[in-house]
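Following: one structure in structure tokens, then a few remarks.
Residue numbers (UniProt numbering): 1 to 354.
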């Protein structure tokens, strides 16, 4: 039997504040329509159908420094229409949840209301990565230096420096994807090569861009003590050096490149080390399907599911047959005066195993 896998990531459900990327009026209708289409396909096809929610489904980060960050309870309450569609999906297909960085503190217990009442079998499956055959799906933030969970600097919750950068930029219209920070820093890659305090250099650039001062305060969640920008800079000042010590220089440099939107090196690394033929990630907000551009591996597909809270949201569809993987990128067309927007297959790649 064939298997169909839908990959959705980077929805960024919030509480509909003006600083949120996801806005109900702009994004809910098309998200609900897609979830209903997945439900319909799961009921009508003979194929097994899996839905993989590949990180940053919820967003507890994107909040101005002076505001109280949203709780997962408040986010669920504000998005009941979407939550109900997730529940219906569980009635017809398996649903897997992977943490990203913007929802890294969200746990299975936090979203236990997403289940089929009276049916313990059909429940949200919490996994670090989704694997089946030669396919691997994960969010991808663990490869990005500023956004990987950081228990060394923040033992309690693992909040990385990217958490604070995100909050400094909350509400800035030019900030809609991780690599946007490169626009505020003069040659960020060069900064990594020439200084061990790249995180401080980035935060200083954010302060200048946003007109902030070192003593400006972050209002922290979870009852934690509030922190100043200066305290954050000092806390993460040796970040690059520690990555070099732990992973090596080449890995660390590519982790900075990952902050600029490039996860290809890590897809290549996973493929060559784990013998995967299809790698799918999110995080970068840059949707794509790319075959054979990886350096060490051939006949391999790297795909990225993109970003939902945009005028042209995207997702990945994978058809797994006994002898092949077909990977498609679907993206919403732009709405015009004469045409409604709809999802179209923008790219497709296929690998035959034998």
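Ideal Cβ positions, reconstructed from N, Cα and C, are used throughout, including at glycine.
Within the same chain, 149, 150, 151 come within 6 Å of residue 158 by CB-CB distance, once the 5 residues on both sides are set aside.
As DSSP reads the structure, residue 304 sits in a beta bridge with 281, 288.
With fewer than 16 other CB atoms across the displayed protein chains lying within 10 angstroms of its CB, residue 43 is exposed. Residue 139 and residue 85 have their alpha carbons spaced roughly 22 Å apart.
The continuous stretches of alpha helix (DSSP H) do not include residue 181, and DSSP gives it neither H nor E.
Assignment of residue 135 by DSSP, reduced to helix, strand and coil, places it in the strand class.
Residue 334 and residue 105 have their C-alpha atoms some 34 Å from each other. For residue 96, the enclosing beta strand (DSSP E) covers residues 94-98. Contact fails between the region 28-40 and the region 109-118, because fewer than three Cβ pairs, one in each stretch, are under 8 Å apart.
For residue 29, there are no CB contacts under 7 Å within the same chain when 5 residues up- and downstream are skipped.
In the three-state reduction of the DSSP assignment, residue 37 falls in the helix class. Taking a cut-off of 8 Å for Cβ pairs, the region 272-286 and the region 296-316 touch, as three or more such pairs fall below it.
Put simply, the region 305-315 touches the region 15-29. At least three CB pairs are less than 8 Å apart. DSSP places residue 115 in the strand class (E or B) of the three-state scheme.
Taken in chain order, the complete beta strand (DSSP E) segments of 3 or more residues contained in the region 14-92 are 48-54. Three or more Cβ pairs closer than 8 Å define a contact, and the region 153-173 falls short of that threshold against the region 268-276.
With contacts defined by Cβ atoms closer than 8 Å, residue 22 and residue 53 do not form a contacting pair. Sequence-distant Cβ neighbours of residue 350 in its own chain, meaning closer than 8 Å and more than five residues away, are 324, 325, 326, 327. Residues of the same chain with a CB within less than 6 Å of the CB of residue 203, apart from the 5 flanking positions on each side, are 233 in chain order. Using a 10 angstroms sphere on the CB of residue 293, the tally of other CB atoms stays under 16, which defines it as exposed. Under the three-state reduction of DSSP output, residue 11 falls in the coil class, being neither helix nor strand. About 5 Å separates the beta carbons of residue 56 and residue 10, which is inside the 8 Å limit, making them a contact pair.
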